Ligand SMILES: Nc1nc2c(ncn2[C@@H]2O[C@H](COP(=O)(O)OP(=O)(O)OP(=O)(O)O)[C@@H](O)[C@H]2O)c(=O)[nH]1
Ligand SMILES: Nc1nc2c(ncn2[C@@H]2O[C@H](COP(=O)(O)OP(=O)(O)OP(=O)(O)O)[C@@H](O)[C@H]2O)c(=O)[nH]1
Ligand SMILES: [Mg+2]
Ligand SMILES: [Mg+2]
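Residue numbers (this note's numbering), protein chains in the order written: chain D, 1 to 333; chain G, 334 to 626.
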C-alpha cells in the first residue's frame, strides 16, 4: 500500500518532470510534506523540525537534484535518516542475515535486576509479565516483585500474571513472585514502602536463585516530585542493572516531557513502547529515542503475555511515515 | 486534591499580550497549538484564521490574537449540558469505555464519589472479566466508596455481567448503575462488537439505557485519539468524554480535534488518582491551561 506521504512526494516531484533540474525550492517543498506527516504521527514539534533540517542538508548534498527518480530518492533519504535516529538497522552477518542480538544483558552472578518505570497506565505491570515469559522461554528463572503498593489491586494483578506465565508459557525457566499486599495503602499513604519491598524482594531472589529480578513500580507523573523521589530511592536501594521506561505508543507531544524527566531522574537504559497493536503511527518512538538515547528494546503488541516483540527500526520508520514497506517501495523504483 | 489553574505564566499569553503581532508570532501560535496536541489540521486552520484577521486589520496586536484564539477555542465547547443525563425514572445507566489503561476504572471511582456526594445510590458492574485483577481493583474502590458491585467470573461474558447488573439495579431500586468495561483498542473489531453487545443488553433491560456512554481519553494521547473517538462512537454512541490525567504536563488538546471531527462534548476532567480528583469540564480554564508553561 502506498501511503499518503509518498503520493504527496510524487506530486511535488512530478510537477518538475520535463524540467532539466530540480531546484532546492522543490526539495524544500517536499520537506514541508514530511514535516506535516511527522507531526501527524505525533513526533514532537522540535524533533520534527530538527529532523527536517538534517534531511534537507543531506538531500541537497546528495544526488537528489540530479536524480532521475527524485521522489524515490527523497523517500529513501527520509526513511534512512529515520531508521538511523530510531537506533539503526540490525547488524547483518556475511550472508545478509540479521545477527541475533540479545536485547537484555544478563549479569553473572545473578540476579540481573530490572526496574520498570513510567506514567500511569502505560503498561508496566503487563510488560513485567511479558518479559518474564520471554525469559522463561530462554531458560531463565525470573522473580517478579510488586513494588506498586498504591494502585488498587496492583499486587494481585502482578501475582496473577506471574502465575499465568508460570503455568502457560513453555520454557525451562521458573517464574516466582514477591509481593506484600498487606503493605498496600490508599494513594499517597504508602510512599517509600516500595523501597523496603524492593530490598526484601532482592534478598528473596538471591535466596531462591533467580537469574532475573523484575521490579514493577507504581505509575507516576514525572511532575510529581514525591513519587519520583520514591522511584529514585528504590533505584538507589537495589541498584538495578537496567531501568526501563514504559511508554504508550499512542502518546502525543507530551512524550518529550515525560521521557526527559524520567531520564533525568533515573538514567534510563532502555525503552519499551506498548500498545503498538493500535493504529497509532507511533511518532513518540522517535521523540523518546532522541531524548533517552538508549535503545528501544521491545514493543508491546497486545494484552496477551506473548505479545512482546523485539524492536525493528525500519518497520517503525515506515509506520511513522504512514507507508507500507518503504524499503521494497524504493527498491521497486 | 489537585487543582488545575492557569498561572500568571501562561506562556502563549506572555508572548502575545502587549506585543506587536508579526508573522513570526503567528507561526509561534501554530507551534504551541501543535504542542498541545490539537493536531496539525486544526492548528493550521486556527493559524490561517488569525493570519486572515491580521491581513484584514481585524486582529492588529498580540493581545487581539490571544483573545481571538481563546474565544475560538472556547467556542469549540458551547455552553451545553456537561452534566450527566439522568433517567426520568428508574436507574440511570452510565457505561464507561476506552482504550487500555486510559483511566476507566479510576474515573468510575470518581464519578461514583460525585454521585454519592449528591446523595444518590450507586451500583457498579464489573464487566472487565479479562484483565488480571480488574475485578479486584473495582471491588477495592467499591469498598472504599461504600457501594456494591455485581461481578461475574474471570473470563466470563461481560454482556452477561451487564445483564445481571441491570437486573440487580432495577430490583434494588438504585439511582445509578455504572458499568466498568475492559480496556480495548478501537482496532479490535471483536472487542468493539462486544462493547455494542453490552450496550444493547442493558438497553433491553432498562429502557433508554445507557443514558450516558462516557469515553475515557488519556490527556497524553496524541492524534490517535481521533480514531479512538470515531470508532468508539460507532460502536457505542458515546455521549461525552472524561479527559483523564490532566494533572501532568500534557495539555489534552486532542479533545479539540475530537470536537471538531465528532462533536463530542467533554464532561469531566481527571486530575489525580483519588476519587476526589475530578472536576467538571470548564472550557475557559481548560483553554488557559493549554498554554501554561
Ligand atoms: N492492546 C495492548 N494493551 C496493552 C499492552 N500493554 C499493556 N496493555 C494494557 O494496558 C492496560 C494497562 O496496563 P498495565 O500493565 O496495568 O499498566 P501499568 O503501567 O502497570 O499501569 P499503572 O500501574 O496503573 O501505572 C491494561 O489493560 C493492559 O492489558 C499492549 O502492548 N497492547
Ligand atoms: N495522575 C492521574 N492518574 C490517573 C488518572 N486517572 C487514572 N489514573 C491512573 O491511571 C492508571 C490506570 O487507571 P485505570 O483506572 O486502571 O485505567 P483503566 O482504563 O481502567 O485500565 P484498563 O482497565 O487496564 O484498561 C492508574 O494508575 C490510575 O491511578 C488521573 O486523572 N490522573
Ligand atoms: Mg501497574
Ligand atoms: Mg479498568
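We put the CB at the ideal spot given by N, CA and C, even for glycine.
Quick caveat, the model's predicted, so the values are computed rather than measured.
message: Checking the sheet assignment: what are the DSSP bridge partners for residue 244 of chain D?
response: The partner list for residue 244 of chain D (beta bridge, DSSP) reads D/116, D/270.
message: Rounded to the nearest angstrom, what separates residue 77 of chain D and residue 62 of chain D at their Cα positions?
response: If you take the alpha carbons of residue 77 of chain D and residue 62 of chain D, they lie about 9 Å apart.
field: In chain order, each beta strand (DSSP E) run of at least 3 residues that lies wholly inside the segment 142–193 of chain D
entry: With a minimum length of 3 residues, the continuous beta strand (DSSP E) runs that stay inside the segment 142–193 of chain D are 142–147, 175–178.
query: At a Cβ threshold of 8 Å, is residue 228 of chain D touching chain G?
result: So no, residue 228 of chain D is outside the interface.
query: Is the CB of residue 318 of chain D under 8 Å away from at least one CB in chain G?
result: Taking Cβ atoms only, chain G never reaches closer than 8 Å to residue 318 of chain D, which makes this a no.
message: Please classify residue 87 of chain D as buried or exposed, where buried requires at least 16 neighbouring CB atoms within 10 angstroms.
response: Under this definition residue 87 of chain D is a buried residue.
query: Which partner residues does residue 484 of chain G have in the DSSP bridge list?
result: Beta bridge pairing from DSSP links residue 484 of chain G with G/459.
task: Name, please, each residue of chain G whose Cβ falls closer than 8 Å to the Cβ of residue 132 of chain D.
output: Within 8 Å Cβ-Cβ: nothing; residue 132 of chain D doesn't reach chain G, min ~13 Å.
query: Less than 7 Å between the CB of residue 148 of chain D and some heavy atom of ligand 3, yes or no?
result: Correct: residue 148 of chain D has its Cβ closer than 7 Å to ligand 3.
message: Using a Cβ-Cβ distance cut-off of 8 Å, determine whether residue 549 of chain G contacts chain D.
response: Not one chain D Cβ lies under 8 Å of residue 549 of chain G.
message: Can you check whether the C-beta of residue 32 of chain D is within less than 8 Å of a C-beta belonging to chain B?
response: Looking at the structure shown, chain B is missing, and the protein chains on hand are D and G.
- prompt: Relative to chain D, which residues along the segment 455–466 of chain G have a C-beta separation below 9 Å, given in chain order?
  reply: In summary, the residues of the segment 455–466 of chain G whose CB is separated from some CB of chain D by less than 9 Å are 463, 464, 465, 466, in the order they occur in the chain.
message: When you measure from the CB of residue 112 of chain D to every non-hydrogen atom of ligand 1, does any distance come out below 7 Å?
response: Between ligand 1 and residue 112 of chain D, a heavy atom-to-CB distance of less than 7 Å is absent.
message: Below 7 Å, is the gap between the Cβ of residue 461 of chain G and the nearest heavy atom of ligand 4?
response: Answer for residue 461 of chain G: yes, Cβ within range of ligand 4.
Interface residues of chain G facing residue 223 of chain D [CB-CB closer than 7 Å]: For residue 223 of chain D, the residues of chain G that pass the 7 Å Cβ criterion are 581, 582, in the order they occur in the chain.
message: What I want to know is whether the C-beta of residue 127 of chain D ends up closer than 7 Å to one or more non-hydrogen atoms of ligand 1.
response: Relative to the non-hydrogen atoms of ligand 1, the Cβ of residue 127 of chain D comes within a distance shorter than 7 Å of at least one.
message: Taking 8 Å as the cut-off, does the segment 114–126 of chain D touch the segment 201–221 of chain D (at least 3 CB pairs, one atom from each stretch)?
response: They touch, by the three-pair rule.
query: Contact check, residue 243 of chain D vs residue 288 of chain D under 8 Å by CB: the rounded distance?
result: Not confirmed; about 14 Å, so no contact.
- prompt: Just checking my contact of residue 469 of chain G with residue 482 of chain G at CB under 8 Å: how many whole Å lie between their CB atoms?
  reply: The C-beta separation of residue 469 of chain G from residue 482 of chain G comes to about 11 Å, leaving the pair out of contact by the 8 Å criterion.
message: Only counting the same chain, and skipping five residues up and downstream in sequence, which positions put a Cβ closer than 6 Å to that of residue 616 of chain G?
response: Excluding positions up to five away in sequence, the list reads 407, 410.
- prompt: For residue 269 of chain D, which residues of its own chain have a beta-carbon under 6 Å away from its beta-carbon, when the five flanking residues on both sides are left out?
  reply: 242, 243, 294, listed in sequence order.
Every unbroken alpha helix (DSSP H) within the segment 485–540 of chain G, with a cutoff of 4 residues, ordered by chain: If only complete runs of 4 or more residues are kept, the segment 485–540 of chain G shows the alpha helix (DSSP H) at 491–505, 522–538, in order along the chain.
task: Give the C-beta separation of residue 578 of chain G and residue 436 of chain G to the nearest angstrom, bearing in mind that I take them to be a contact with Cβ-Cβ under 8 Å.
output: The Cβ separation is near 6 Å, so the contact holds.
- prompt: How is residue 572 of chain G classed by DSSP in three states: helix, strand or coil?
  reply: Correct three-state label for residue 572 of chain G: coil.
field: residue 597 of chain G versus G/463, G/607, G/548, residue with shortest Cα-Cα distance
entry: Nearest option by C-alpha distance: G/548.
query: Smallest Cα separation from residue 600 of chain G: which of G/620, G/575, G/455?
result: With distances taken between Cα atoms, residue 600 of chain G lies closest to G/575.
- prompt: Going along the segment 108–141 of chain D in order, which residues come within less than 9 Å of chain G, judged by CB to CB distance?
  reply: Under the 9 Å Cβ criterion, the segment 108–141 of chain D contributes 119, 120, 121, 122, 123, 125, 126, 129.
- request: List the whole-angstrom C-beta distance separating residue 191 of chain D from residue 227 of chain D, where the pair is believed to meet the contact cut-off of C-beta under 8 Å.
  value: Indeed, because the Cβ distance is near 7 Å, the residues count as touching under 8 Å.
message: Please identify the residue among G/523, G/495, G/528 whose C-alpha is closest to the C-alpha of residue 570 of chain G.
response: When C-alpha distances from residue 570 of chain G are compared across G/523, G/495, G/528, the shortest belongs to G/528.
message: For chain G, check one thing: does any of its Cβ atoms lie closer than 8 Å to the Cβ of residue 279 of chain D?
response: With 8 Å as the cut-off, residue 279 of chain D counts as an interface residue toward chain G.
- prompt: Candidates G/572, G/559, G/585: which alpha carbon is nearest residue 417 of chain G's?
  reply: Nearest neighbour of residue 417 of chain G by Cα position, chosen from G/572, G/559, G/585, turns out to be G/572.
- prompt: Considering only the beta carbon of each residue, do residue 277 of chain D and residue 307 of chain D sit closer than 8 Å?
  reply: Contact: yes.
- request: Report the neighbours of residue 469 of chain G on chain D: residues whose CB is nearer than 7 Å to its CB, in chain order.
  value: Residues of chain D passing the Cβ test: 153, 156.
message: Measuring alpha carbon to alpha carbon, tell me which residue in D/224, D/187, D/25, D/249 is nearest residue 43 of chain D.
response: Taking only the C-alpha atoms, the option nearest residue 43 of chain D is D/249.
task: To the nearest angstrom, report how far apart residue 582 of chain G and residue 553 of chain G are at their CA atoms.
output: Each residue's alpha carbon lies about 8 Å from the other.
Buried or exposed by the 16-neighbour rule on C-beta atoms within 10 Å, applied to residue 264 of chain D: It is exposed - the Cβ of residue 264 of chain D has fewer than 16 other Cβ atoms within 10 Å.
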